[in-house]
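Enquirer:
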Amino acid sequence: MVLEKVVEILRNYKDEQDLEVTMDSTFEELELDSLDTVELVMEIEEAFDTSIEMDGELTTIGDVVELIEKAIA
Numbered sequence: 001m002v003l004e005k006v007v008e009i010l011r012n013y014k015d016e017q018d019l020e021v022t023m024d025s026t027f028e029e030l031e032l033d034s035l036d037t038v039e040l041v042m043e044i045e046e047a048f049d050t051s052i053e054m055d056g057e058l059t060t061i062g063d064v065v066e067l068i069e070k071a072i073a
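Here UniProt numbering is used: the first residue of the sequence shown is 1, the next is one more, and so on.
(1) Out of I68, T50, E16, point me to the one whose CA is closest to L58's CA.
(2) Do V6 and I61 have their C-beta atoms within less than 8 Å of each other?
(3) Between which two residues does the alpha helix (DSSP H) harbouring I44 extend?
(4) Could you tell me the alpha carbon to alpha carbon distance between E53 and D33, rounded to whole angstroms?
(5) Name the two residues that bound the continuous alpha helix (DSSP H) containing V21.
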């Protein structure tokens with residue numbers, strides 16, 4: 001459920017409904033720069049009513065999904 005919602009947010013953010021996203025997709029592969037990443041994380045935080053700690057270890061969609069799952073557990 002979390003992955004699906006994150007993918008939906010990402011597709012809407014990039015306005016690319018056919019964008020292929022997996023747990024292993026990196027922000028770089030998705031052509032997201034640091035500003036895009038911050039904006040995207042803010043949207044995700046709002047959608048899940050939680051807070052995500054941004055650090056250098058957040059490099060894949062899977063990293064974001066895992067943080068959200070821990071936060072809402």
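All residues carry an ideal CB built from backbone N, CA and C; glycine is no exception.
Model, not experiment: these values are computed from the prediction.
Expert: So, to answer that:
(1) In the sequence shown, counting from the first residue as 1, residue 58 sits at position 58. Nearest to L58 by alpha-carbon distance, out of I68, T50, E16, is I68.
(2) Walking along the sequence shown from the start, residue 6 turns up at place 6. Walking along the sequence shown from the start, residue 61 turns up at place 61. Yes, these two residues count as a Cβ contact at 8 Å.
(3) Counting from 1 along the sequence shown, the entry for residue 44 is found at position 44. Segment 34-48, the alpha helix (DSSP H) holding I44.
(4) Within the sequence shown, residue 53 is the residue found at index 53, counting from 1. Within the sequence shown, residue 33 is the residue found at index 33, counting from 1. Using only the alpha carbons, I get a separation of about 17 Å.
(5) Mapped onto the sequence shown, residue 21 falls at position 21. First-last for V21: undefined, no H or E at that position.
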